[in-house]
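Engineer: This is the structure I have questions about; it appears just below.
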Amino acid sequence: MEFFTVYCLRKGRVFIDGSYLGENKNGETLRVFQCGAGLHDISLECQFGRKCREMRQRVMITGTNAILPRELRFFCDL
3 MEFFTVYCLR KGRVFIDGSY LGENKNGETL RVFQCGAGLH DISLECQFGR KCREMRQRVM
63 ITGTNAILPR ELRFFCDL
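Residue numbers (our numbering): 3 to 80.
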């Protein structure tokens, strides 16, 4: 099992390979998500009508653990 977080200044909905996983944050704390090892399409749907500069990232997620998850960064157009 692999682990990742989705960082953005705003709160948003996280998808992996088209399947909804949940919001990227619990309050101000980043949520840690689990997935199988391999190549995945991760996307963040910003809330409150904002748009991320890059809506989807294709990433290889391997060699992670719950303490050191892979961090994916998204940037919203403020």
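The beta carbon of each residue, even a glycine, is placed where N, CA and C say it ideally should be. Remember, it's a predicted structure, so these values are computed and weren't measured experimentally.
Using the C-alpha atoms, what's the distance from THR7 back to GLU30?
Structural biologist: Mapped onto the sequence shown, residue 30 falls at position 28. Mapped onto the sequence shown, residue 7 falls at position 5. Their backbone Cα atoms lie some 13 Å apart in a straight line.
Engineer: Determine the direct distance from the alpha carbon of ALA39 to that of GLN59, and round the result to whole angstroms.
Structural biologist: By one-based count along the sequence shown, residue 59 stands at place 57. By one-based count along the sequence shown, residue 39 stands at place 37. So the alpha carbons of these two residues sit roughly 16 Å apart.
Engineer: Do you know offhand how far LEU70's Cα is from CYS48's?
Structural biologist: As a first step, residue 70 is located in the sequence shown; it is residue number 68 there, counting from the start. As a first step, residue 48 is located in the sequence shown; it is residue number 46 there, counting from the start. Rounded to whole angstroms, the gap between the alpha carbons of LEU70 and CYS48 is 24 Å.
Engineer: Can you find the residues in the same chain that come closer than 6 Å, C-beta to C-beta, to PHE35, ignoring five residues on each side of it along the sequence?
Structural biologist: Here residue 35 corresponds to residue number 33 of the sequence shown, with the count starting at 1. Closer than 6 Å at Cβ, skipping near neighbours: PHE6 and LEU23.
Engineer: Which one or two residues does DSSP pair with GLY40 in a beta bridge?
Structural biologist: Residue mapping note: residue 40 aligns to position 38 of the sequence shown, counting from 1. For GLY40, which the question treats as bridged, DSSP gives the partners ILE63.
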